[in-house]
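Novice: Take a look at the following structure, please.
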Amino acid sequence: MAQLFHPIANAYAKGSILFGGVLAGGLLFLGWAHERSAYVTSQNVVRDQPVPFSHNHHVSGLGLDCRYCHLSVEKAGFAGIPPTQVCYGCHQIIWKDVKMLEPVRASYKTGEPIAWNRVHDVPDFVYFNHSIHIAKGIGCESCHGPVNQMPLIRKAKTLQMDFCLDCHRNPEKNIREKEDVFKFGVTPVSAERAKELVDERKIVKKQLDNCWVCHR
Amino acid sequence: MSLIDEASSPGSPHEPVRSPREVAAAGEDARGAVAGAGLPIVDLASPRYDLDAMRRRLEVAGGEEYWRSFDQLADTPEFRDFVEREFPRHAAVWDESVDRRKFLGLMGASLALAGAGGCLHQPEEKIVPYVRQPDGVKLGEALYFATAMPFNGYAEPLLVTSRMGRPIKVEGNPEHPASLGSTSVFAQASMLGMYDPDRSKTVIRRGNVDTWGNFVEELEGRLAGMREWKGAGLAILTETVTSPTLGAQLEDLLKTFPKAKWHSYQPVHRNNARAGALAAFGENLTPVYKFDQADVVLALDCDFLYELPGSVRYARDFVDKRRVVDEIKSMNRLYVVESTPTLAGAASDHRWRVASSKIESVLRSLAAKLGVDVAKTPDAAELIPAKDLGVLADDLTSHKGSCLVVVGDAQPPAAHALAHAINRALGNVGKTVEYVEPVEATAGGGPGTLAELASALRDGKVETLLILGGNPVYNAPAEVDFEGALKKALGVGGAEKAGAAASLVLCARLGEYYDETSLLAHWHLPQAHYLESWGDARAYDGTAGVIQPLIAPLYGGKTAYQVLAVLQGRSGLSAYEIVQSYWQPRLSGDFANAWRKVIHDGLVPDSKSAVKQPGWTFVDKPTAKTTDGAGGKESADDTVELVITPDPCVWDGRFANNAWLQELAKPLTKLVWDNAALVGPATFEKFHLSNGDVVSLKTPSGRKVEAPVWLIPGQADGVVTLALGYGRAKAGKVGTGIGYDAYEALPVDVPYVENVTLAKTGKKYYLVATHDHWSMEGRDVVKSETFDSLGKPHGHAAEKKAEEHLAEAKAKEDGEKHEGGAEPNKGPSHEEKEALVERMRGFKESGEPVISMFPDWDYSPKTIENRWAMQIDQTACIGCNACVIACQAENNIPIVGKEQCGKGREMHWLRIDRYYKGAGGGIDNPESYFQPVPCMHCEDAPCELVCPVAATTHDAEGLNNMVYNRCVGTRYCSNNCPYKVRRFNFFNYTKITEPTLKMLQNPEVTVRSRGVMEKCSYCVQRIDAARITAKKELRSIRDGEVRTACQAACPTQAITFGNLNDTKSHVVRLRESPLDYALLAELGVRPRTRYLARVRNPHPELRIDAVDSPQPGVVPTYEPTKT
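If you read the sequences in order, they're chains P and B. Here the first sequence is numbered in my numbering, starting from 1 and rising by one per residue. Here the second sequence is numbered in my numbering, starting from 10001 and rising by one per residue.
This is the structure:
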């Protein structure tokens, strides 16, 4: 009986096994890449907002402190989005007729709040608390990036779980002096000082990666 | 009636018990037969119990055996199923049959989608700030406001948690004497009541939507005429009124309209207590009890731990006198005489079963023994053994001024008067009981009754009727026939229809629901819930508090104040203005400040009702036997006494639409979603009943109720107990049409009827009780001690054994003295004693097995600051269920419905197991024990090891974390949990479509979805909040700073939570008690939740095993051993 397969079939077989492996690996890689892509994480994606508010202008240009608008960042879990009142406090005097600020004026007059598009939004099963991070000396910049240089706000980090865990397992990486928390572009403290700060502020590292610290 | 005929299962004693699968199949058939009925009628082969065999079994066990249910005693297959499996066999199968093809398809789809689940994009969300941020709001943090819940007329003071403007949880107001920080189960559940989407949303006039303005116009239009006729034809019907503002408004109205009538009615009332006080003192006084002063308490048909106004406080005071955890040299003693088991009966040291109608005789016999001048001295010997009564009288006499006799509100006036006389004879007045000026409003000499209103309606004397709250068309006693009277006055329906013109021109009803009463009225006005309206109310001792709203009315609800204000010609005022204007002249000092303080504190300072020195006009007048028109039929063979009580969950029906309360297992019967006719073993046998048999109960006056039977130990022989609150025709989506309506048989004066004919109907009804669910199997799940054995090195049981041992040895020694040889036995050695002590305590830290395959966690104070633990005191637990609902509210726990409950799928994270112990009473009158069981947070947790996806893990503080997002629903953890505290979401139980119910959820706790396991978290959200606060201040969490929801709600402080690494913490102190033990300690899983054994304090002469007891009068010394 004649050979059913030409000798080249062996090569095909080997090739397809190899190709299959590469394909599977490639798919896994694609899946991974997809999960890490901005498409999923929205990292560095700028969203349209009712008012094109520039952090760059207000922070770097005018020198406003974060806490001027994000009132409760030191006290509560939510940092707080400023009420219309805060915007209007200045903008009833400066730039009071500019068209761009019409939604602010309308909101103040009608009592209808401005609905911003949320940029930093962790999943609902994550219970993030701003105040404790501030109290322990983690700078705004560590999670929010160089906000002072952003004309329009965007998410600088993925805010995925590995990002959180990275710091929760090794807080020395991001810990700062108290006075630097609300500053940008601060030089990291030395490794020894970081260790000191972690001890001083009674950060219990073995507890920080427990599930119920963030999920419950 | 929604009882379903299932003629196919007559059930004979010899019929083999069907397998659950067959039963399920039979259920399918039956379901088909009654398609559309909508009720699950899987008949779980309610077995015929061999009660004699059970009695014998308990006798052999010597009264030392604890049991959960008759099914357990009978060891039925259903019970084995609940013990051996996580869920009973039939519950694990799919609800619909699935063929192979469909199964493979589903498998393939789920495999394909398994990974895809994680790829869902998070939806883009908006973030919406305030326009003007209110002062004091901290975004995402809770605020607390003092208010009060009017329940049955009386105020229950509360502190309500509000998040972002919506109330989500109630706690007790710690500054108010009626609460001291604790709440009742009803207050906890009232949160769901507020967000109930079935509440009425609009003003309705004769079936059409209308406006409040139009109603005001119509009522004002009638004012001129009313003035002219001095109010003749005007009737106002309320429930019990303690609100000072409403009382003043009524007073004012009755002055303006002297011929107007105010009536008051609610099914659970205190009219008899009032009449009793009038008879005894010649004036209307309200007794206020001081259980904290009472060493001996006798309660007669009186569940002072659950049913009285002020029960929350009474429970605290009572238990504080019997807590045996600290160095305490005395413990109070509770005697209970009652017809049907109550929480007071379960907490008692001695309990006698006497029919409600005979309680008065017991009181009279006792009064005669104590030297009170009574009409006659009947012989109560057939009710309570003469010896027992003698001991009881002696015990009371030897505690003059520190004992207390309380009688239930349902008892006739004569019984109340007798109790006053006994308390007076014992010198208790001013010590353990105070008489204060009436707490209830007494405008115009007090309200008229419902019967008077009904006859005025029938006679056509009422032109304008305002029904403010209540639901008389549903909950009036059938004898009064309020519905008929109202219909006649309205000229609708019934036989009287012909030609009769309507005499009632305006009938308006203010109610939270568009229910039975509103359906008949011309006008229905939506009533604001107490959490959304201003108001005031008095607590049990008269302390007034202002009710402040936590949220604007969701549906534009109005209050009774506003309706009455229309009559006063002040229609424009808001409830706030009315209440404030009442208090303005009554608060001392600067009003603005005083008012702020009243609202902040939740009470008006020094507003407690004045204590009066009562006069004495007591002449014993025995209650005439009301034979109810059937004279001479005394105790025929087929008759029983019917006792009608409020349901422990839905009360008189006002909570019928509250699903939390419906699904809450009733404290003693553990029934859910239904009421049943409770029957004791003797009656059960006499009428050859089995559980679920529908019986017809016919009163001598011919009224009939059909109800399914449920067997319960501790019931008085020949007494059948019915519960109110069910059989609602128009309650809402949850409460309509479940159970039977006991109001059909409710008499007007006292809630019991004698000579009721009981007959089987041949019908069956499926009742669901959860008492066998989550059964644990192991040694000494419940432990108990008697107070006088506490000072001894080893508990009573051990002592008894040791003495037997000694006696035996002595006999042996005597016999063998001269023969030499065998070494004389000198009783247990020191080591044996030690071992016994260890056994009583469970395994202490030192004695625990050290060899373990579990990871060696280090919890030393050096490594970790907090080592959370919970201690539950079974002596303090009265089984009131407040903790269960508090947990449900705090942790967003869903309800699952009756059918799912029947499969053992109820979701409560915290359950209260109820056990019985035979001790002399056998199955007829056993002792009752309550054991709340949350997650044990084992240090060596078996659940953690079996999870394939690490969804349940151990954390540094030793908590057993449950991570919902990792959980894939294998349920291995639940199978491996010896305590059965894990709950699985078989369906998407929390799928909420109603927007108001979304507002109810606690934002601090994840809402779980289908296919996810969940369990008690020790309220980790509260721990986290405290930890964050403490860490910000660079300090440790203080003892008592974290209070779990169950702990905070508990009226008796039975639950303590704290840090084991803090040597000064309360929980550590409790752990050092010799009563401390762990559940199933022999498994060596080192649970963090531990228990204190129940301590009872029986009278030495009344103890079943009095032979072994120490001499009476010897005060035992007791010092906690330090380990």
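All C-beta atoms, glycine included, are put in the ideal place defined by N, C-alpha and C. From a predicted model like this one, the values you see are computed outputs, not experimental measurements.
Helix, strand or coil: how does DSSP classify residue 10320 (chain B) here?
Specialist: helix
Novice: Against chain B, does residue 140 (chain P) count as a neighbour if the rule is that its beta carbon must be under 8 Å from one of theirs?
Specialist: no
Novice: In whole angstroms, what separates the C-alpha of residue 10397 (chain B) from that of residue 10403 (chain B)?
Specialist: Per the coordinates, the alpha-carbon of residue 10397 (chain B) lies some 8 Å from the alpha-carbon of residue 10403 (chain B).
Novice: DSSP state of residue 10602 (chain B), grouped into three classes?
Specialist: Here residue 10602 (chain B) sits in coil by DSSP.
Novice: CA-CA distance, residue 10286 (chain B) and residue 10274 (chain B)?
Specialist: 7 Å
Novice: Rounded to whole angstroms, what's the CA-CA distance from residue 10241 (chain B) to residue 10563 (chain B)? Just pull it up for me.
Specialist: 15 Å
Novice: Taking Cβ-Cβ distances shorter than 8 Å, what residues in chain B pair up with residue 115 (chain P)?
Specialist: 10126, 10127, 10128
Novice: Mind checking which residues open and close the alpha helix (DSSP H) that includes residue 10760 (chain B)?
Specialist: Segment 10752-10764 is the beta strand (DSSP E) holding residue 10760 (chain B); no alpha helix (DSSP H) there.
Novice: I think residue 10923 (chain B) touches residue 10058 (chain B), with their Cβ atoms under 8 Å apart; what is that distance to the nearest whole Å?
Specialist: With a Cβ gap of about 7 Å, residue 10923 (chain B) and residue 10058 (chain B) count as contacting.
Novice: Do the segment 10654-10669 of chain B and the segment 10192-10199 of chain B meet, that is, are 3 or more Cβ pairs less than 8 Å apart?
Specialist: yes
Novice: Checking 8 Å against the spacing of the C-beta atoms, do residue 10321 (chain B) and residue 10291 (chain B) come in under that value?
Specialist: It is a contact, given that the beta carbons lie within the stated cut-off.
Novice: Residues of chain B with a CB under 9 Å from the CB of residue 32 (chain P): which are they?
Specialist: Ordered by position in chain B, no residue passes the 9 Å Cβ test against residue 32 (chain P), which lies about 12 Å from the chain.
Novice: Could you check what DSSP says for residue 10390 (chain B) in three-state terms: helix, strand or coil?
Specialist: helix
Novice: Which residue spans inside the segment 10705-10729 of chain B form an unbroken beta strand (DSSP E) run of at least 3?
Specialist: 10719-10723
Novice: Between residue 85 (chain P) and chain B, is any beta-carbon pair separated by less than 8 Å?
Specialist: Chain B, which has a Cβ nearer than 8 Å to the Cβ of residue 85 (chain P), makes this yes.
Novice: Taking the alpha-carbon positions, what's the residue 10710 (chain B) to residue 10994 (chain B) distance?
Specialist: If you take the alpha carbons of residue 10710 (chain B) and residue 10994 (chain B), they lie about 35 Å apart.
Novice: Check the C-beta distance from residue 10386 (chain B) over to residue 10336 (chain B) and give it rounded, since I have them as a contact under 8 Å.
Specialist: That belief does not hold up - the Cβ atoms of residue 10386 (chain B) and residue 10336 (chain B) are roughly 19 Å apart, past 8 Å.
Novice: Note down the Cα distance separating residue 10431 (chain B) from residue 10401 (chain B), rounded to an integer number of angstroms.
Specialist: 6 Å
Novice: Using a Cβ-Cβ cutoff of less than 8 Å, which residues in the same chain neighbour residue 10025 (chain B) once the five nearest sequence positions on both sides are dropped?
Specialist: Annotation note: pLDDT 36 at residue 10025 (chain B) (below 50); position unreliable, no value reported.
Novice: Establish whether the CB of residue 10141 (chain B) and some CB of chain P are separated by less than 8 Å.
Specialist: Answer yes: the Cβ-Cβ gap between residue 10141 (chain B) and chain P drops below 8 Å somewhere.
Novice: For residue 10956 (chain B), go through chain P and note every residue whose CB falls closer than 8 Å to its CB, in chain order.
Specialist: 204, 206, 207, 210
Novice: Is the segment 10718-10733 of chain B touching the segment 10743-10760 of chain B, taking contact as three or more C-beta pairs under 8 Å?
Specialist: yes
Novice: Exposed or buried, which one is residue 11163 (chain B) when buried takes at least 16 other CB atoms within 10 Å?
Specialist: This structure leaves residue 11163 (chain B) out entirely; chain B is present only between 10001 and 11123.
Novice: With H, G and I counted as helix, E and B as strand and the rest as coil, what does DSSP make of residue 11031 (chain B)?
Specialist: helix
Novice: Beta-carbon of residue 10161 (chain B) versus every beta-carbon of chain P: anything under 8 Å?
Specialist: no
Novice: Per DSSP, what kind of secondary structure is residue 10576 (chain B) in: helix, strand or coil?
Specialist: Three-state DSSP puts residue 10576 (chain B) in a helix.
Novice: For the beta strand (DSSP E) containing residue 10256 (chain B), list its first residue and its last residue.
Specialist: That residue, residue 10256 (chain B), is in no beta strand (DSSP E); its alpha helix (DSSP H) goes 10244-10256.
Novice: Is residue 108 (chain P) close to chain B, meaning its C-beta is less than 8 Å from at least one C-beta of that chain?
Specialist: yes
Novice: Determine the direct distance from the alpha carbon of residue 11099 (chain B) to that of residue 10348 (chain B), and round the result to whole angstroms.
Specialist: Each residue's alpha carbon lies about 11 Å from the other.
Novice: Whole angstroms is fine: what's the gap from residue 11061 (chain B)'s alpha carbon to residue 132 (chain P)'s?
Specialist: 24 Å
Novice: Which residue marks the beginning of the beta strand (DSSP E) containing residue 10523 (chain B), and which one marks its end?
Specialist: 10523-10526
Novice: Could you name the residues of chain B that residue 135 (chain P) contacts, counting a contact when the two beta carbons are closer than 8 Å?
Specialist: For a Cβ distance threshold of 8 Å, residue set 11031, 11032 of chain B lies close to residue 135 (chain P), ordered along the chain.
Novice: Which residue wins for smallest C-alpha separation from residue 10468 (chain B), given the options B:10504, B:10426, B:10412, B:10527?
Specialist: For the residues B:10504, B:10426, B:10412, B:10527, the minimum Cα distance to residue 10468 (chain B) belongs to B:10527.
Novice: Measure from the C-beta of residue 89 (chain P) to each C-beta in chain A and report whether the shortest distance is under 8 Å.
Specialist: The structure shown contains no chain A; the protein chains it does contain are P and B.
Novice: Give me the residue from B:10759, B:10556, B:10751 with the minimum Cα distance to residue 10637 (chain B).
Specialist: B:10759
Novice: Contact check, residue 11015 (chain B) vs residue 10981 (chain B) under 8 Å by CB: the rounded distance?
Specialist: 6 Å
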